[in-house]
Amino acid sequence: MIHFLLPAMSYVWVHLPTYNLQHRQVFGWEATPYNQAVLAAVDEMQATAPEGGGYFIGVKADPPESPIGVPIALFGKPLLAPPRTSSYCSGASYSAFIGGLNTLLRSRSSELSADRFEAVRMQEPDGGRREDMVKLWGWWNADGPGSLYALALYSGMGERVSPFLAEPGDFCNISWLHGPGHSVVFLGWDTTPGGEIAMRFWSSQKGSNGMGDQTRPLSSMAGIVFTRLTRPEALFTFNPAKKMDRMPIDYDSAKIVAERLQSGIDL
264 MIHFLLPAMS YVWVHLPTYN LQHRQVFGWE ATPYNQAVLA AVDEMQATAP
314 EGGGYFIGVK ADPPESPIGV PIALFGKPLL APPRTSSYCS GASYSAFIGG
364 LNTLLRSRSS ELSADRFEAV RMQEPDGGRR EDMVKLWGWW NADGPGSLYA
414 LALYSGMGER VSPFLAEPGD FCNISWLHGP GHSVVFLGWD TTPGGEIAMR
464 FWSSQKGSNG MGDQTRPLSS MAGIVFTRLT RPEALFTFNP AKKMDRMPID
514 YDSAKIVAER LQSGIDL
């Protein structure tokens, strides 16, 4: 049984397995329409991998790592021919973002220019790996708060939001106390059986053998950054040739967030 702490200080008791297709129904009832589209895309992606689909990272492996294990398209145009059937975190969250765009903007698909479509691709035209910090996917996949880099700083399709204003369907980058970072779709604030504040999210991770829900205590995290899709229509106007350098971003302290959520401040 999962205990969700919602912004209105109401509590929702639900039984959701790791692999489920109810993200839009269960978590989206108070979310923005854009976030609801992202959550619906989470359900679509999870449906392709009822038991997770496998998790694998290995840039130099042969075949190389695959961001997501199924073909992904924007308005019917392929973004990726997956070299594996497995996935990893930023590929899962990016696929939910792309699915949201398909829902929200399909009627305007003819407005998408060739250079902007190319910037959204997850592979080079020859099928090779698109390197980190190269165009939209490269920034999403970059070390650090990739969703913030891609949505807020590179394309202008999103903006950073406070953890205390976070909604299901927001994107979150997690910096662990121990280990590399994580790119996820936020589902809600949760509590552990011991009463610790935790985060419920969807992504691809080893613990769910690929795509699935997971709950982790904030005590396992050093910092978090939330980014929300707020201007999806900027897909048709952003500058795909924009040059950016990686910049230091201050993460919100997970410890402070947990303390304030625990005490009810700002909820």
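Position 237 (the sequence shown) corresponds to 500 in the numbering used here; numbering is contiguous. Beta carbons: idealized from backbone N, C-alpha and C, even for Gly. Keep in mind the model is a prediction, meaning the values are calculated, not measured.
Find the nearest neighbour of residue i within the set the options, judged by alpha-carbon distance.
| i | options | result |
| --- | --- | --- |
| residue 515 | 453, 476, 438 and 306 | 438 |
| residue 318 | 289, 294 and 355 | 355 |
| residue 377 | 511, 523, 442 and 502 | 502 |
| residue 349 | 444, 418 and 314 | 314 |
| residue 505 | 309, 301, 382 and 360 | 382 |
| residue 400 | 472, 330 and 390 | 330 |
| residue 448 | 345, 367 and 358 | 358 |
| residue 446 | 291, 404 and 320 | 404 |
| residue 488 | 300, 412, 469 and 345 | 412 |
| residue 322 | 300, 425 and 347 | 347 |
| residue 406 | 289, 425 and 352 | 352 |
| residue 416 | 390, 510 and 290 | 510 |
| residue 471 | 316, 340, 435 and 458 | 316 |
| residue 513 | 424, 521, 467 and 289 | 424 |
| residue 367 | 301, 292 and 390 | 301 |
| residue 434 | 320, 519 and 294 | 294 |
| residue 444 | 457, 467 and 360 | 467 |
| residue 320 | 292, 469, 388 and 458 | 469 |
Quick one: give me the first and last residue of the alpha helix (DSSP H) that residue i is part of.
| i | result |
| --- | --- |
| residue 398 | 398-403 |
| residue 358 | 352-368 |
| residue 277 | Residue 277 -> not in any alpha helix (DSSP H); beta strand (DSSP E) instead, spanning 274-277. |
| residue 379 | 377-383 |
| residue 309 | 296-310 |
| residue 289 | 286-290 |
Excluding five sequence neighbours on each side, which residues of the same chain lie with their C-beta closer than 7 Å to the C-beta of residue i?
| i | result |
| --- | --- |
| residue 336 | 342 |
| residue 461 | 453, 454, 455, 478, 479, 480 and 481 |
| residue 338 | 365, 369, 372 and 375 |
| residue 419 | 494, 497 and 501 |
| residue 486 | 438, 514, 515, 516 and 517 |
| residue 396 | 402, 405 and 509 |
| residue 390 | 344 |
Got a sec? Which residues, its chain only, sit under 6 Å from residue i by beta carbon, not counting five neighbours each side?
| i | result |
| --- | --- |
| residue 362 | 304 and 307 |
| residue 333 | 311 |
| residue 476 | 281 and 465 |
| residue 414 | 420, 421 and 490 |
| residue 386 | 343 and 393 |
| residue 398 | 382 |
| residue 266 | The predicted model places residue 266 with a pLDDT of 41, which falls under 50 and marks its position as unreliable; any figure quoted below should be read in that light. Closer than 6 Å at Cβ, skipping near neighbours: 454. |
| residue 297 | 492 |
So who's on the other strand from residue i, going by DSSP bridges?
| i | result |
| --- | --- |
| residue 436 | 446 and 488 |
| residue 464 | 449 and 477 |
| residue 616 | Since the first residue of the chain shown is 264 and the last is 530, residue 616 is not available in this structure. |
| residue 315 | BP columns for residue 315 are empty, so no partner. |
| residue 454 | 460 |
| residue 386 | 392 |
Identify, in the order they occur along the chain, each residue of the same chain with its Cβ nearer than 8 Å to the Cβ of residue i, setting aside the five sequence neighbours on each side.
| i | result |
| --- | --- |
| residue 268 | For residue 268, the predicted model reports a pLDDT of 45, less than 50, meaning its position is unreliable; a value from the coordinates is still stated below. Cβ within range, chain order: 274, 451, 452, 453, 454, 460, 524 and 530. |
| residue 484 | 437, 438, 439, 440, 462 and 517 |
| residue 508 | none |
| residue 379 | 498, 499, 501 and 503 |
| residue 409 | 353, 402, 403, 436 and 446 |
| residue 309 | 282, 283, 284, 286, 465, 474 and 475 |
| residue 340 | 380 |
If you follow the beta strand (DSSP E) that residue i is part of, which residue opens it and which one closes it?
| i | result |
| --- | --- |
| residue 523 | No beta strand (DSSP E) contains residue 523, which is instead part of the alpha helix (DSSP H) from 517-526. |
| residue 422 | 421-424 |
For this session: Indicate whether the contact test is met: 3 or more Cβ pairs, each with one atom in the segment 366-373 and one in the segment 428-435, closer than 8 Å.
Result: no
For this session: Say whether the segment 488-498 touches the segment 320-328, bearing in mind that this needs 3 or more beta-carbon pairs closer than 8 Å, one atom from each stretch.
Result: no
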